[in-house]
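Asker: Dropping a structure here in structure tokens format, bear with me for questions.
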Amino acid sequence: MVNVKINFRGLDVAYFDVLEMGEKKYVLDSNSTTPKSYYWGLSPETLEVDLIELDSQ
């Protein structure tokens, strides 16, 4: 697990975004966000999301 601080704002729709960290790029899937209580307006101390590494080729 890697801890990364990102700016994350609440949305009421699913979205995908490309994050660049160092030399690598990742796709962030907002549907994977946990805990789901975040969508109810609660502000958890930490959020977890799935990142898929993009191939550099």
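Everything in the sequence shown is counted per our numbering, starting at 14 for the first residue and increasing by one.
Think of the CB as a built atom: it goes at the ideal place given N, C-alpha and C, for glycine as much as any other residue.
Report yes if the C-beta distance between residue 134 and residue 62 is below 8 Å; otherwise report no.
Answerer: The requested residue 134 does not occur in the structure, where the chain is confined to residues 14 to 70.
Asker: Starting from residue 49, follow the beta strand (DSSP E) in both directions and report where the run begins and ends.
Answerer: The sequence position of residue 49 within the sequence shown is 36, counting from 1. Per DSSP, residue 49 belongs to no beta strand (DSSP E) and is neither H nor E.
Asker: Measuring only the C-alpha atoms, how far is residue 42 from residue 29?
Answerer: As a first step, residue 42 is located in the sequence shown; it is residue number 29 there, counting from the start. As a first step, residue 29 is located in the sequence shown; it is residue number 16 there, counting from the start. Going by the C-alpha atoms only, they are around 5 Å apart.
Asker: Helix, strand or coil for residue 68? Go by DSSP, reduced to three states.
Answerer: Translated into positions along the sequence shown, residue 68 becomes position 55. Three-state result, residue 68: coil.
Asker: Quick check: the Cα distance between residue 36 and residue 66, rounded to an integer number of angstroms?
Answerer: Counting from 1 along the sequence shown, the entry for residue 36 is found at position 23. Counting from 1 along the sequence shown, the entry for residue 66 is found at position 53. Taking the straight line from one Cα to the other gives about 11 Å.
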